[in-house]
Amino acid sequence: MEQWFSEWLGTDLGDGDQMDDYYEHQLLIRRFKYTHIPELECKRLSWPTVTAHPVLRPGLFKASYGAHGTELILVSYKGLEMQGYKVSGDPNVPAGQISIRADLTQSLILSEEQQSSVQLLTDIDLPDAAPAVATALEQLPPQPFFLPYDCSYREPRNDCPKKCKARFLGKLQIAGHGFQDPRLTPMHWIVFNEDLFGVLWLDLRNFFTFHRVETDF
């Protein structure tokens, strides 16, 4: 088992010296066990019946979940709520559980100043950031997007889009190992285009992007 783990570590990270800089050792061990020694359970994927939406077309998206690697999220809608369920899970939040959700009645239109720091975003009252008049989802105006200076982002900051199609208040689910003590934490759901959206996790001050997976099943 030790040799198997060492071989996987070299293949996955390339340079094992990166481990101290990028991964926590215990998370690596958990990830290895989860991906190589799982209790396999396969379920049919229920694809969204709606093929279009004024904010973002439903479908499969992928994103990096840090030490857990790349994971798949299925985006669908229930009334005026976006729901993103994990298709591939991890030891904390497993497959089949909701990962992100956004309230489409709570849209935000923010200035550059309001986006300058995560603390300012956290302090915003919804009435101060809501559209001046009630606006249909398909009529929400494009707006500038700025990554807060105190927010981490794994990709080059200059590659981050400068405009977004829409922005909503939402929740991101976290849990302890084995899906213990799950809870929802505040985030912003930011739609850039039909194939790209971002999640700005306020508590952890982290931003990550989800890319559409164009695969025929």
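Residues 1 to 217 (the numbering used here) are what the sequence shown spells out, left to right.
Glycine included, C-beta positions come from ideal geometry on N, C-alpha and C.
Remember, predicted model here, so these are calculated numbers, not experimental data.
With DSSP run on the structure shown, which of helix, strand or coil describes residue i?
i	result
residue 212	strand
residue 118	helix
residue 137	helix
residue 158	helix
residue 103	strand
Got a sec, what are the start and stop residues for the beta strand (DSSP E) residue i sits in?
i	result
residue 75	70-78
residue 191	180-193
residue 85	81-86
residue 171	166-176
residue 63	59-64
residue 199	196-201
Tell me which same chain residues have a C-beta within less than 7 Å of the C-beta of residue i, skipping the five on either side of it?
i	result
residue 58	48, 50, 75, 76 and 77
residue 170	100, 101, 102, 103, 187, 188 and 189
residue 153	147, 160 and 207
residue 115	121, 146 and 148
residue 144	112, 162 and 163
residue 175	92, 93, 181 and 182
Does the Cβ-Cβ distance between residue i and residue j come in under 8 Å?
i	j	result
residue 183	residue 118	no
residue 60	residue 80	no
residue 166	residue 55	yes
residue 151	residue 191	no
residue 215	residue 203	no
In or out: residue i buried (at least 16 other Cβ within 10 Å) or exposed?
i	result
residue 180	exposed
residue 71	buried
residue 111	exposed
residue 90	buried
residue 85	buried
residue 253	Limits of the chain in this structure are 1 at one end and 217 at the other, which puts residue 253 out of reach.
residue 149	exposed
residue 198	buried
residue 140	buried
residue 22	Low local confidence applies: a pLDDT of 48 at residue 22 is under 50, so the model's placement there is unreliable, and no value is given.
By Cβ distance, which residues of its chain are closer than 6 Å to residue i, with the 5 residues on each side in sequence left out?
i	result
residue 201	172 and 187
residue 63	208 and 210
residue 194	57
residue 82	102
residue 219	In the structure as shown, the chain starts at 1 and stops at 217, and residue 219 therefore has no counterpart that could be examined.
In chain order, what residues of the same chain lie with their CB nearer than 8 Å to the CB of residue i, ignoring the 5 residues before and after it?
i	result
residue 157	147
residue 196	161, 209, 210, 211 and 212
residue 136	54
residue 94	86 and 179
residue 96	43, 85, 86 and 89
residue 98	83, 84, 85, 86 and 173
residue 142	163, 164 and 165
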